[in-house]
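> What follows is a single structure, and I will ask about it in a moment.
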Amino acid sequence: MIEFTLEPALLEIYEQLIQHGYEAYFVGGCVRDALMKQVPHDYDITTSALPKQAMSCFDNRFKIIPTGLKHGTITVHYQHHVVEITTFRAQEVYANHRSPASLNFTRSLSEDLKRRDFTINAMAYAPETGLIDEHHGFEDLKAGLIRCVGDPITRFQEDALRILRCVRFAHRFNFAIEDKTHQALIAQRSDLHYISIERITSEFFSMLTDGNPDLLKMLISLQLLEELLPEMNGLNDDELNLINTQLNTLPNSLPLKLAALLSPINEAEAILMRWKVSRQLRDYVLMLLDTLHTPIDSPYAFRKCLYDHHNNIAWMNDLLILRQGFFHEDHKAALTHLHQLNQNDLIDRQKLAVNGNDCQQLGLQGKAIRECLDQLIDAVLREEVKNNREDLIKYIEIRKK
Numbered sequence: 001m002i003e004f005t006l007e008p009a010l011l012e013i014y015e016q017l018i019q020h021g022y023e024a025y026f027v028g029g030c031v032r033d034a035l036m037k038q039v040p041h042d043y044d045i046t047t048s049a050l051p052k053q054a055m056s057c058f059d060n061r062f063k064i065i066p067t068g069l070k071h072g073t074i075t076v077h078y079q080h081h082v083v084e085i086t087t088f089r090a091q092e093v094y095a096n097h098r099s100p101a102s103l104n105f106t107r108s109l110s111e112d113l114k115r116r117d118f119t120i121n122a123m124a125y126a127p128e129t130g131l132i133d134e135h136h137g138f139e140d141l142k143a144g145l146i147r148c149v150g151d152p153i154t155r156f157q158e159d160a161l162r163i164l165r166c167v168r169f170a171h172r173f174n175f176a177i178e179d180k181t182h183q184a185l186i187a188q189r190s191d192l193h194y195i196s197i198e199r200i201t202s203e204f205f206s207m208l209t210d211g212n213p214d215l216l217k218m219l220i221s222l223q224l225l226e227e228l229l230p231e232m233n234g235l236n237d238d239e240l241n242l243i244n245t246q247l248n249t250l251p252n253s254l255p256l257k258l259a260a261l262l263s264p265i266n267e268a269e270a271i272l273m274r275w276k277v278s279r280q281l282r283d284y285v286l287m288l289l290d291t292l293h294t295p296i297d298s299p300y301a302f303r304k305c306l307y308d309h310h311n312n313i314a315w316m317n318d319l320l321i322l323r324q325g326f327f328h329e330d331h332k333a334a335l336t337h338l339h340q341l342n343q344n345d346l347i348d349r350q351k352l353a354v355n356g357n358d359c360q361q362l363g364l365q366g367k368a369i370r371e372c373l374d375q376l377i378d379a380v381l382r383e384e385v386k387n388n389r390e391d392l393i394k395y396i397e398i399r400k401k
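Residue 135 in full-length UniProt numbering sits at position 135 of the sequence shown, and the numbers go up by one each step.
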């Protein structure tokens, strides 16, 4: 019998259901990850108890949240664990390629496992019974295969988001997609338009940042790139290979990966708007793209670029890393210098040792004051003058003559 080591707090949650006479099993991703000797990120329990029955099993040591009663789900917080508990559900009729039209609770674990997406996610475990694997998910796990439970066309028609989940698991685990599942995925790929853009980007961005290579090649081979990013249809093989290489070698940062992905596309802003990313992320990526081809070939150019972008050291770090990848520039010295900087080393209008009143006392008025301060900032960045009041006043006086 295959056995897992479960932390005492997880066993306590499980045992509350058992002690009240209900069936309960750990299920899905936590079982899969444990079999792969990985620490699960999330824990799910499936049970014969209806949601309100499940809630009544826990005393006040446990924090219970009725997160999705209509879907049969409650969430239990105990110690440092968060566990979702869901009532056994039978196969359902789906509406709009995403959600069940109605829920069918059942007393059968077998019925519940039949409705799940992939065999590697359709395994259950209980300490008393060991692994329950009616769809041979453990065999597929050992073989490195993503296979739908039952008929793959039906699985993808029920919930088109499973198309992207299939790719995400294959990419994350470096698994192959089983032949019939592969064929069904390609046949049903256009159903993605039924899915909200937020759910699509959540899956897509998870793939981008899972740390594994050749995502772009996988999406092209599955004919999914044209569904996710039709603006790339006009790129040639060399351009696509360059982007794929950058995605492979860049650090695991979503802003960097998005900047690399969108670098050859003129419609980057429109795409980010369509994807409904946060304004902060959108602006950050667009700043990287807008500055990607700006020369940074001197200490002054480095300091000026940093100043022009609000002295954002983290952003400047990302820009240099991105440029190294695309242009094979050696920015090791600049990156070392950047990492040694702190905000006190940086110049801006507030830190300038003179202000508008000083300029006014020297006879400058209106627009000339702003121009003078801009010139002083530039002179400090060029290291033509030190940022102290005496030297800056002298600099202004010399320029006035």
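Think of the CB as a built atom: it goes at the ideal place given N, C-alpha and C, for glycine as much as any other residue.
Are the CB atoms of L35 and H71 within a distance shorter than 8 Å?
Position 71 of the sequence shown, counted from the first residue, corresponds to residue 71. Position 35 of the sequence shown, counted from the first residue, corresponds to residue 35. No, they are not a contact pair.
> What is the rounded straight-line gap between the Cα of L192 and the Cα of I186?
Position 192 of the sequence shown, counting from 1, holds the residue named residue 192. Position 186 of the sequence shown, counting from 1, holds the residue named residue 186. Approximately 11 Å, taken between the alpha carbons.
> Let's test the definition: count the other Cβ atoms within 10 Å of the Cβ of V354 and tell me whether it reaches 16, buried, or not, exposed.
The sequence position of residue 354 within the sequence shown is 354, counting from 1. Buried, because 16 or more other Cβ atoms sit within 10 Å of the Cβ of V354.
> Hey, L141 and A124: beta-carbon distance below 8 Å or not?
If you number the sequence shown from 1, residue 141 lands on position 141. If you number the sequence shown from 1, residue 124 lands on position 124. Cβ atoms of L141 and A124: not closer than 8 Å.
> Leaving out five residues on either side along the sequence, give the residues of the same chain with a beta carbon under 7 Å from the beta carbon of N317.
Indexing the sequence shown from 1 puts residue 317 at position 317. The residues are L335 and L338.
> Give me the Cα-Cα distance between L254 and L208, rounded to the nearest whole angstrom.
As a working note, residue 254 is residue 254 in the sequence shown. As a working note, residue 208 is residue 208 in the sequence shown. Distance between the alpha carbons of L254 and L208: 7 Å.
> Strictly by DSSP, which residues pair up with Y300?
Here residue 300 refers to the residue found at position 300 when the sequence shown is read from its first residue. In DSSP, Y300 forms no bridge with anything.
> Give a yes or no on whether the C-beta atoms belonging to E134 and S108 are separated by under 8 Å.
On the sequence shown, position 134 is the one that residue 134 refers to. On the sequence shown, position 108 is the one that residue 108 refers to. Cβ atoms of E134 and S108: not closer than 8 Å.
> Just to confirm before moving on: does the CB-CB distance between D42 and G29 stay below 8 Å?
Position 42 of the sequence shown holds residue 42. Position 29 of the sequence shown holds residue 29. A contact, by the Cβ cut-off of 8 Å.
> Below 8 Å on the Cβ atoms is my contact criterion, and I expect F18 with A54 to pass it. Report the Cβ-Cβ distance as a whole number of Å.
As a working mapping, residue 18 is identified with position 18 in the sequence shown. As a working mapping, residue 54 is identified with position 54 in the sequence shown. One detail in the question is off: residue 18 reads as Ile in this sequence, not Phe. The pair is not a contact, with the Cβ atoms about 12 Å apart (cut-off 8 Å).
> Can you list, in chain order, the residues of its chain with a C-beta nearer than 6 Å to that of R382? Leave out the 5 residues immediately preceding and following it.
Looking up residue 382 in the sequence shown gives position 382. The residues are Y300.
> Taking 7 Å as the cut-off, is the CB of L229 close to at least one heavy atom of the ligand FMN?
Although the ligand FMN was asked about, the structure shown includes no ligands whatsoever.
> Kindly list the residues whose CB is nearer than 6 Å to the CB of A160, restricted to its own chain and excluding five residues on each side of it in sequence; keep chain order.
As a working mapping, residue 160 is identified with position 160 in the sequence shown. Result list for A160: H97, D191, L192, Y194 and I195, in chain order.
> Go ahead and label G234 buried or exposed: buried means 16 or more other beta carbons lie within 10 angstroms of its beta carbon, across all protein chains shown.
As a first step, residue 234 must be located in the sequence shown, where it is residue number 234. That one is exposed.
> Could you check which residue in T181, R115 and A126 has the C-alpha nearest to that of I146?
Residue 146 sits at position 146 when you count from the first residue of the sequence shown. The shortest C-alpha separation from I146 is found at T181.
> Assess contact between the region 60 to 78 and the region 165 to 178, defined as three or more Cβ pairs (one per stretch) separated by less than 8 Å. Is contact present?
They do not touch, by the three-pair rule.
> So the candidates are F302, N357, V380 and Q361; which of them puts its Cα closest to the Cα of A333?
Reading the sequence shown from its first residue, position 333 is the one you call residue 333. For A333, the nearest C-alpha among the options comes from F302.
> Is it true that the CB of F204 sits closer than 8 Å to the CB of A184?
On the sequence shown, residue 184 is found 184 positions in, with the first residue counted as 1. On the sequence shown, residue 204 is found 204 positions in, with the first residue counted as 1. The answer is no: Cβ separation not under 8 Å.
> Do the CB positions of D348 and N388 come within less than 8 Å of each other?
Residue 348 sits at position 348 when you count from the first residue of the sequence shown. Residue 388 sits at position 388 when you count from the first residue of the sequence shown. No; because the gap between Cβ atoms is not below 8 Å, this pair is not in contact.
> Taking only three categories from DSSP, how would you classify I85?
Taking the sequence shown and counting its residues from 1, one reaches residue 85 at position 85. Strand.
> Name the DSSP bridge partner or partners of F26?
For the purposes of this step, residue 26 is identified with residue 26 of the sequence shown, where counting begins at 1. Paired residues: I45 and Y125.
> Please report how far the alpha carbon of R370 lies from the alpha carbon of V285, in whole angstroms.
In the sequence shown, the residue the question calls residue 370 occupies position 370. In the sequence shown, the residue the question calls residue 285 occupies position 285. The straight-line gap from Cα to Cα measures roughly 30 Å.
> Taking 8 Å as the threshold (C-beta atoms), are C359 and I321 in contact?
On the sequence shown, residue 321 is found 321 positions in, with the first residue counted as 1. On the sequence shown, residue 359 is found 359 positions in, with the first residue counted as 1. No; because the gap between Cβ atoms is not below 8 Å, this pair is not in contact.
> Could you work out which residue in D59, K37, V31 and R165 is closest to T46 when comparing CA atoms only?
Counted from its first residue, the sequence shown places residue 46 at position 46. Comparing Cα-Cα distances from T46 to each of D59, K37, V31 and R165, the minimum goes to V31.
> Excluding sequence positions up to five away, which residues of its chain have a Cβ less than 7 Å from the Cβ of Q79?
Here residue 79 refers to the residue found at position 79 of the sequence shown. Correct list, in chain order: A9.
> Just to confirm my understanding: we take H331, look at its own chain, exclude 5 residues before and 5 after, and list those with CB closer than 7 Å. What are they?
As a first step, residue 331 must be located in the sequence shown, where it is residue number 331. Closer than 7 Å at Cβ, skipping near neighbours: L320, R323 and Q324.
> Please give the ranges of any alpha helix (DSSP H) in the UniProt domain "CCA-adding enzyme C-terminal" (266 to 395), keeping only runs that are unbroken, at least 4 residues long and fully inside the region.
Within the UniProt domain "CCA-adding enzyme C-terminal" (266 to 395), the complete alpha helix (DSSP H) runs of at least 4 residues are 268 to 274, 279 to 291, 299 to 308, 313 to 327, 332 to 340, 356 to 361 and 367 to 381.
> Provide the residue span of the alpha helix (DSSP H) that contains T245, from first to last.
Mapped onto the sequence shown, residue 245 falls at position 245. From DSSP, the alpha helix (DSSP H) with T245 extends over D237 to T249.
> Under 8 Å by Cβ, that's how I've got E3 and G130 pegged, so tell me the actual separation to the nearest angstrom.
As a first step, residue 3 must be located in the sequence shown, where it is residue number 3. As a first step, residue 130 must be located in the sequence shown, where it is residue number 130. Their Cβ separation, rounded to whole angstroms, is 6 Å, which keeps E3 and G130 in contact under 8 Å.
> According to the neighbour-count rule (16 or more other Cβ atoms, all chains shown, within 10 Å of its Cβ), is P152 buried or exposed?
In the sequence shown, counting from the first residue as 1, residue 152 sits at position 152. With 16 or more Cβ atoms within 10 Å of its Cβ, P152 is classed as buried.
> How big is the Cα-Cα spacing for I132 and E23?
Position 132 of the sequence shown holds residue 132. Position 23 of the sequence shown holds residue 23. Rounded to the nearest angstrom, the two C-alpha atoms are 13 Å apart.
> Nearest-angstrom Cα distance between E139 and S206?
Position 139 of the sequence shown, counting from 1, holds the residue named residue 139. Position 206 of the sequence shown, counting from 1, holds the residue named residue 206. Each residue's Cα considered, the two are about 26 Å apart.
> Check the DSSP bridge columns for T73 and list the partner residues they point to.
Stepping through the sequence shown from its first residue, residue 73 is reached at position 73. T73 is bridged to G68 and T86.
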